[in-house]
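Undergrad:
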Amino acid sequence: MHPHRPLLFFLSVTLFFPCTAATVQEKVLAPMLENTKKPAAAPSVYTNIGGIPVARSAYAQQMIKKYITQYTSSFGAKELYATLDEGEQYRLYVRQELQKRRMPSALEYLPVVESNYKPLAKSKSGARGIWQFMENSIAGFLKKNEWIDERLDPWLSTDAALTKLQDNYRMFGDWPLAIAAYNCGAGAMRRILKKAPQKTFWYIAEHGLLRDQSVQYVPKLLAISELATHATAYALVLPEESTHFADFDYIVLSRQIFLDRLESELRMGSGALAALNPALIKQCTPPEQDYALRLPAGMELSAHIAVNAIRDAEQARALVAHTVAKGDTLYALARTYKTTVAEICKESGIQQNEVLSIGKVLYIPVESAENN
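The sequence shown begins at -11 in the working numbering and counts up one residue at a time.
#1: Contact check, I212 vs L68 under 8 Å by CB: the rounded distance?
#2: Please name the residue in L261, E335, G337 whose C-alpha comes closest to that of D248.
#3: Would you mind giving the Cβ-Cβ distance between I56 and L215, rounded to the nearest angstrom? I have them listed as a contact below 8 Å.
#4: Within the same chain, show all residues whose beta-carbon is closer than 7 Å to that of D73, passing over the 5 residues directly before and after it, in chain order.
#5: Okay, do the stretch 177 to 186 and the stretch 147 to 154 touch, 3+ Cβ pairs below 8 Å being the bar?
#6: Are there 16 or more other CB atoms within 10 angstroms of the CB of R79, so buried, or fewer, so exposed?
#7: For G114, which residues of its own chain have a beta-carbon under 7 Å away from its beta-carbon, when the five flanking residues on both sides are left out?
#8: In the structure shown, what three-state DSSP assignment does I352 receive?
#9: Whole angstroms is fine: what's the gap from C272's alpha carbon to A184's?
#10: Note down the Cα distance separating G39 from S62, rounded to an integer number of angstroms.
#11: Closest to L98 by CA distance: which of Q186, K110, P207 is it?
#12: Throw me the rounded Cβ distance for the T71 and Y105 pair, which I believe falls under 8 Å.
#13: With distance defined between alpha-carbon atoms, name the residue in S230, G347, S336, T217 nearest to A29.
#14: So, at 8 Å on beta carbons, what are the nonlocal neighbours of A297 in its own chain, with the 5 sequence-adjacent residues on each side left out?
#15: Jot down the residue ranges of each uninterrupted alpha helix (DSSP H) in the stretch 183 to 227, minimum 4 residues, whole runs only, in chain order.
#16: Please list, in chain order, all residues of the same chain as H195 whose beta carbon is under 8 Å from its beta carbon, the five residues on each side excluded.
#17: Less than 8 Å between the C-beta atoms of V295 and I245, yes or no?
#18: Is it buried or exposed for I293, if we count other Cβ within 10 angstroms and need 16 for buried?
#19: Return the first residue and the last residue of the alpha helix (DSSP H) that F160 is part of.
#20: Going by C-alpha to C-alpha distance, which of T220, M159, K270, Y319 sits closest to S336?
#21: Judging by CA-CA distance, which residue of Y59, G173, T324 is the nearest neighbour of R199?
#22: Using CA coordinates, which residue listed in L144, G64, L318 is at the minimum distance from I118?
#23: Which two residues bound the contiguous beta strand (DSSP E) that contains R255?
#24: Should G75 go down as buried or exposed, given a rule of 16 or more other Cβ atoms within 10 Å for buried?
#25: To which residues of the same chain is E102 closer than 7 Å at the C-beta, ignoring the five residues directly before and after it?
#26: Only counting the same chain, and skipping five residues up and downstream in sequence, which positions put a Cβ closer than 7 Å to that of Q13?
#27: May I have the straight-line CA-CA distance separating R282 from A301, to the nearest angstrom?
#28: Report the rounded CA-to-CA distance for Y47 versus Q204, giving the unit in angstroms.
#29: According to DSSP, is A309 helix, strand or coil?
#30: Starting from the Cα of R89, find the closest Cα among Q50, D147, Y222 and give me that residue.
#31: Tell me where the beta strand (DSSP E) around F236 begins and ends.
#32: Quick one: what does DSSP say F63 is sitting in, helix, strand or coil?
#33: Measure the alpha-carbon distance for R139 versus P266 and round it to whole angstroms.
#34: Suppose you measure from the CA of A320 to the CA of Y279; what does that come to, to the nearest Å?
#35: Where does I37 sit, in a helix, a strand or coil, going by DSSP?
#36: Roughly how many whole angstroms lie between the Cα atoms of T328 and Y170?
Shown next, in the form of structure tokens:
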């Protein structure tokens, strides 16, 4: 075969069938070109980040670039990598819910700003969870009592936070304002905008009408979103992500179950259920009320069997609800009910050195009437 014949044939195809040849050339050259493509460069002007519009003003651009610089430093990049990696299982859920609600994708990174995606995070002011809810701001969104604090549950608090952000957006009609209002409060934002000649986040931030924490809040979020979405443009290495959203099963429990006991029955690792149900602050489900316990996917049937086994084992025992009165002590109650302090503490979810408050309900194990 003539060594140049393939080339001549290719050129002849080009001559007589230019459209076909172009297609052939694209197919032949595309893989080689793909490997030589340079990553997209960072924009000189940011106009929209993760579905959130950005003002072209020098102030807005400077604020975002300040945090771009911070998170592309050696320390900042390392911190961002760790936060995104450790919070992935929660971020994937946030991402899924944002898509369902058609909200800006940048909001996936708001818990990075709030808590570094740490479910048990607590601020100096008492805000808790990945979305940092204050106790006085959860009415109508989340529950808190002596047994549960739903602010600590990344999944429940995500639903609450996104609803709150949507409420803010309906109120202000602008995402930067809605996000800033999540930080400073919708009431405070309304008062600020009343005095502002221009009703935009960037105006009130630049002109000192907003407290500094809220001023930094929005550009920090936008910078993190930009970097997480276009890491290669900034020479950042970030963790590879799973595309599988977390799936769960649930079992509704109408009586108190201790998590370690259920873990043992299910042969799960210690703390596995607590990690899935961080709202259970006493490591047990609430007594005398229904509670939907979160389980790994595929374990609902096994959990039902395990719960029945635990109940069968405890049939010989019953619990008496005792309301603490003046003068009651754990030791005196143990003698009265012929049990131990340790058993009272276990069933009531308290510590042995805990001071009993009048009116508190304790659950005290006694012999079942069926065995008397």
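Ideal placement from N, C-alpha and C gives every residue a C-beta, glycine not left out.
Since this is a predicted model, take the numbers as computed values, not measurements.
TA: Let me lay it out:
#1: Confirmed, Cβ separation roughly 7 Å.
#2: Comparing Cα-Cα distances from D248 to each of L261, E335, G337, the minimum goes to L261.
#3: In this structure, I56 and L215 form a Cβ contact; the two beta carbons are roughly 7 Å apart against a cut-off of 8 Å.
#4: Cβ neighbours of D73 beyond the five flanking positions: P227.
#5: As far as the Cβ criterion goes, the stretch 177 to 186 does not touch the stretch 147 to 154, which means the pair count is below three.
#6: In summary, R79 is buried, with 16 or more beta-carbon neighbours lying within 10 Å of its beta-carbon over all protein chains present.
#7: Correct list, in chain order: M122, E123.
#8: In this structure, I352 counts as strand in the three-state DSSP scheme.
#9: Rounded to whole angstroms, C272 to A184 spans 50 Å at the Cα level.
#10: Each residue's Cα considered, the two are about 28 Å apart.
#11: Residue nearest to L98 within the set Q186, K110, P207 is P207 (criterion: CA-CA distance).
#12: The Cβ separation is near 6 Å, so the contact holds.
#13: Of the candidates S230, G347, S336, T217, the one whose C-alpha sits nearest the C-alpha of A29 is T217.
#14: So the qualifying residues of the chain are E253.
#15: If one requires a minimum length of 4 residues, the alpha helix (DSSP H) runs lying completely within the stretch 183 to 227 are 189 to 194, 200 to 217, in chain order.
#16: Here H195 has A184 as same chain residues with Cβ atoms under 8 Å from its own Cβ, once five neighbours each way along the sequence are excluded.
#17: In this structure, I245 lies closer than 8 Å to V295 by Cβ.
#18: So I293 counts as exposed.
#19: 142 to 160 is the extent of the alpha helix (DSSP H) around F160.
#20: Ranking the options by Cα distance to S336, first place goes to K270.
#21: Comparing Cα positions, the closest option is G173.
#22: Comparing alpha carbon positions, the residue from L144, G64, L318 closest to I118 is L144.
#23: From DSSP, R255 is part of no beta strand (DSSP E); its letter is neither H nor E.
#24: By the 10 Å Cβ count, G75 comes out buried.
#25: For E102, where only same-chain residues beyond five positions count, the Cβ hits under 7 Å are I118, W119, Q120.
#26: Its pLDDT being 47, under 50, Q13 is placed unreliably by the model, and the measurement read from it follows with that caveat. A distance below 7 Å between beta-carbons, with the five flanking residues on each side excluded, links Q13 to no residue of its chain.
#27: Rounded to the nearest angstrom, the two C-alpha atoms are 23 Å apart.
#28: Linking Y47 to Q204 through their CA atoms gives a straight-line distance of about 12 Å.
#29: For A309, the three-state secondary structure derived from DSSP is strand.
#30: Answer by Cα proximity: D147.
#31: Where F236 is concerned, the enclosing beta strand (DSSP E) starts and stops at 236 to 241.
#32: Helix, per DSSP.
#33: For R139 and P266, the distance between alpha carbons rounds to 9 Å.
#34: One C-alpha to the other measures close to 32 Å.
#35: Judged by DSSP in its simplified three-state form, I37 adopts strand.
#36: When rounded, the distance between both Cα atoms is 48 Å.
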